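Chains as they are written, first to last, in the working numbering: chain D, 34 to 353; chain W, 64 to 401.
Comments concern the structure below.
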Amino acid sequence: MTAALSIKGMSKTFDVSAPWLNRVLEGRERQFVKAVSDVSFDVTEGSCFSIVGESGCGKSTVARLVTGLYRPTAGAVNFTDRDGRRLRVQMIFQDPHSSLNPRWRVGDIIAEPIHELQLRDSRAKTKQRVAELLEIVGLSAEDAVKFPHEFSGGQRQRISIARALASEPDLLVCDEPTSALDVSVQAQILNLMRRLQKELGLTYLFISHDLSVVRHMSDHIAVMYLGRIIEQAKVETLFQRPLHPYSKLLLDTIPDIHAPHRAKDSQAGEPPSPLNPPPGCAFHPRCPFANERCRHEEPDLLEHVQDVVVACHAVEEGRL
Amino acid sequence: MFDGRNEAAPQDSRTYPALSVENLTVEFPSRRGVLTAIDDVSMEIHRGEILGVVGESGAGKSITGLAVLGLLEAPGRVAGGSITVGGRRVDGLTEAELTKVRGREMGAIFQDPLTALNPLFTVGAQLVETIRLHTDLDKAQAREKALDLLREVGIPAPEDRLKQYPHQFSGGMRQRVVIALALAADPQLIIADEPTTALDVSIQAQIIALLRRLCEDYGTGIMLVTHDMGVIAETADRVAVMYSGKVIESGPVEDVIHKPHHPYTQGLMNAIPSLHERVEELEQIDGSMPRLAARPGGCSFHPRCPHAGPRCRKQMPPLVPVDNAMAACWLQQGGTEL
């Protein structure tokens, strides 16, 4: 089992300062947001690694760091070499409406990576490859001459997947690929992604806020809160026995059609602003188990039992 | 489902159901002919009850909510049927009459709380304005009432919050303000259109709990429009499943979720990945909902239905009682053969 992707101590800080003149006139300091801090994980080849968390936790920033759309402030992203060449990475975005150029025909959209990377040496071969890709994702070769607006949301996401596959990638970074889709269409896309993973031996880095989708798709899962991974485990382990109080909160609050917890009182509190994170453990203002240590000292990500790492003082001290 | 509709002459509006929609049809005239977005939809919401209206995009669930509120955008129009809120017909009212009913008799909560609030006025000013518009309270009393409402929806430090602008609130807190606004005149009915879709799960659970509590305390009827079956399971008492402009199944929430009768509802339930077990492949409904301009004849689900027969291609099945619920499918009505 080799790691296709290995991330060590990756951080990303954004400068969100007001413009220079405003700072001078209003006497304000420069301001930074730590979107991702000290994140490390390995993604095993052929597996699906998921990152879950609520909005603003930094999961999409991780996706963009992995694909090189952002440059990390610290740390490194390492891809394994496969057969003497570097691993190829592609990304699938959330919104299939804005990620396809409305003025291009579908065939041209899918052919662009092939031209760009010179994967085929003639027009005819490119065209043939585009037809093949369209059929792989469940569309027909004739769809190549149509424009994106002629397709439904689910079909457009299939086009995005075909375009991602055009560059013959080994690793697909999927940032909320089904969040904009209806449930019945979501099932189609998830089934397609599972089938492609099996047939093409793809590795997925899957970003989502939807725990039921993550459970269906992934082998390993990392839960992020305010820029940090707070728990990481095999998916079965995490769903059966979440350790971190935040993982428990997430699993408790997700609406469950089969076992609705209507009587349960929901826990109060909201995620703090990343601009002004609380000291100590970022979750302590919402945590029922927080004590003095949690308010001052940031917990390290420690291996609690085999293959489960948790960043929580309460778990470490055995208070939980 | 429609029990007790025509019983004894009611004394005041409070004995009527919060909402009664009968045979509602909504049309959109277009250059290519008249498009029927809502086709013969009936539903009823009692006081203190939450009716979940669920369906995928394009099913007509939001249009139903907008039609009740009288907010259909031209050229959309109510072409048939009736809408009665607390015993009072509201379809066909003039804009001036509607303005009085809207806000007082029915409140609205929409998906995006940021667009529902005016960014240029403080939350307090907006609450006081709404309260004074719909009640006889003076300014000081209205301010007291605004404070009560903010407390009621769970906003900490309401005195300070009254002076703040919407951008100073988080998404969840903003949605609470919108709920407070909807409650301002103690309406009989609240239309909540995807009230938690823009929120994170942990905040969503808080808003769901709040809606349930308010519904019980105030006796308000709530129409909860959403695409999320999970939210329906957690919140609603009864549910109406819409497909392609029609209600195809309705009934108590446990019945519809655990024993769905319509093949679409069955497919929808099986397409949702489970939190408890992992399956190799999700059950999928092939294809997608037909576009408004290209709805097929007969049962509009037949092109995607695994059980479709010749009858389904020709005739639209009516909504009839099946066990505790109602379903519109020929399978329950003598088979799919002609």
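Each residue gets a CB set at the ideal place from its N, CA and C atoms; glycine is no exception.
As the structure is a prediction and not an experimental result, all values here were calculated from the model.
In three-state DSSP terms, what is residue i?
i	result
residue 73/W	No answer about residue 73/W holds up, because its pLDDT of 43 lies below 50 and its placement is not dependable.
residue 359/W	coil
residue 133/D	coil
residue 292/D	coil
residue 230/D	helix
residue 352/W	coil
residue 208/D	strand
residue 124/D	strand
residue 379/W	coil
residue 368/W	coil
residue 67/W	Any answer about residue 67/W is weak, because its pLDDT of 39 lies below 50 and its placement is not dependable; what the coordinates show is given next. In this structure, residue 67/W counts as coil in the three-state DSSP scheme.
residue 327/W	helix
Would you mind telling me which residues of chain D sit closer than 9 Å to residue i, beta carbon to beta carbon, in chain order?
i	result
residue 291/W	216, 288
Buried or exposed for residue i, going by 16 or more other Cβ atoms inside 10 Å?
i	result
residue 298/W	buried
residue 63/D	exposed
residue 308/D	exposed
residue 136/W	exposed
residue 61/D	exposed
residue 262/W	buried
residue 161/D	exposed
residue 71/W	Residue placement at residue 71/W cannot be trusted, given a pLDDT of 40 that sits under 50; the coordinates are not used to answer.
residue 163/W	exposed
residue 134/D	exposed
residue 73/W	At residue 73/W the pLDDT is 43, less than 50, meaning the model places this residue with poor confidence; the figure from the coordinates comes in the next sentence. Exposed is the call here.
residue 319/D	buried
residue 344/D	buried
residue 74/D	buried
residue 224/W	buried
residue 152/W	exposed
residue 293/D	buried
residue 273/D	exposed
residue 72/D	buried
residue 159/W	exposed
Going by beta-carbon coordinates alone, are residue i and residue j separated by less than 8 Å?
i	j	result
residue 80/D	residue 270/D	no
residue 98/D	residue 110/D	yes
residue 390/W	residue 312/W	yes
residue 254/W	residue 352/W	no
residue 206/W	residue 191/W	yes
residue 172/W	residue 117/W	no
residue 108/W	residue 81/W	yes
residue 212/W	residue 177/W	no
residue 174/W	residue 258/W	yes
residue 108/D	residue 41/D	yes
residue 214/D	residue 234/D	no
residue 138/D	residue 147/D	no
residue 241/D	residue 85/D	yes
residue 288/W	residue 124/W	yes
residue 284/W	residue 101/W	no
residue 123/D	residue 197/D	yes
residue 36/D	residue 100/D	no
residue 69/D	residue 49/D	no
Using a cut-off of 7 Å between C-beta atoms, extract the partners of residue i located in chain D.
i	result
residue 341/W	248, 249
residue 320/W	290
Quick one: list the residues of chain W neighbouring residue i, beta-carbon separation under 9 Å, in chain order.
i	result
residue 303/D	233, 234, 235, 236, 263, 265, 266, 269
residue 266/D	None at all; the shortest Cβ gap to chain W is about 15 Å.
residue 227/D	343, 344, 345
What does residue i reach in chain W if we use C-beta pairs closer than 7 Å?
i	result
residue 245/D	335, 336, 337, 338
residue 96/D	Neighbours of residue 96/D on chain W: none; closest Cβ ~18 Å, over 7 Å.
residue 224/D	344, 345, 347
residue 278/D	The contacting residues do not exist; residue 278/D stays about 12 Å from chain W at best.
residue 68/D	The contacting residues do not exist; residue 68/D stays about 17 Å from chain W at best.
residue 61/D	Near residue 61/D there are no residues of chain W at all, since even the closest Cβ is about 18 Å away, more than 7 Å.
Say the cut is 7 Å; is the CB of residue i nearer than that to a heavy atom of the ligand MG?
i	result
residue 210/W	Of ligands this structure carries none, so the ligand MG is not represented either.
For chain B, is any of its Cβ atoms less than 8 Å away from the one on residue i?
i	result
residue 194/W	The structure shown has no chain B; the protein chains it does contain are D and W.
Mind listing the chain D neighbours of residue i? Cutoff is C-beta to C-beta under 8 Å, in chain order.
i	result
residue 330/W	217
Strictly below 8 Å CB to CB, what residues from chain W border residue i?
i	result
residue 150/D	Residues of chain W passing the Cβ test: none, with the nearest at roughly 32 Å.
residue 283/D	264, 265
Q) What residues in the stretch 108-130 of chain W bring their beta carbon closer than 7 Å to a beta carbon of chain D? A) 119, 120
Q: Note down, in chain order, all residues in the stretch 170-201 of chain D with a beta-carbon under 7 Å from any beta-carbon belonging to chain W.
A: 185, 187
(Q) At a CB distance below 7 Å, what residues from the stretch 350-375 of chain W approach chain D? Give them in sequence order. (A) 351
Q: Using a Cβ-Cβ cut-off of less than 9 Å, give me the residues of the stretch 282-313 of chain W that come near chain D, in sequence order.
A: 290, 291, 292, 293, 294, 295, 296, 297, 298
Q: Using a Cβ-Cβ cut-off of less than 7 Å, list which residues of the stretch 78-95 of chain D approach chain W; keep chain order.
A: 87, 88
Q) Relative to chain W, which residues along the stretch 310-332 of chain D have a C-beta separation below 7 Å, given in chain order? A) none
**Q.** Near-chain W residues of the stretch 125-145 of chain D - C-beta to any C-beta below 7 Å
**A.** none
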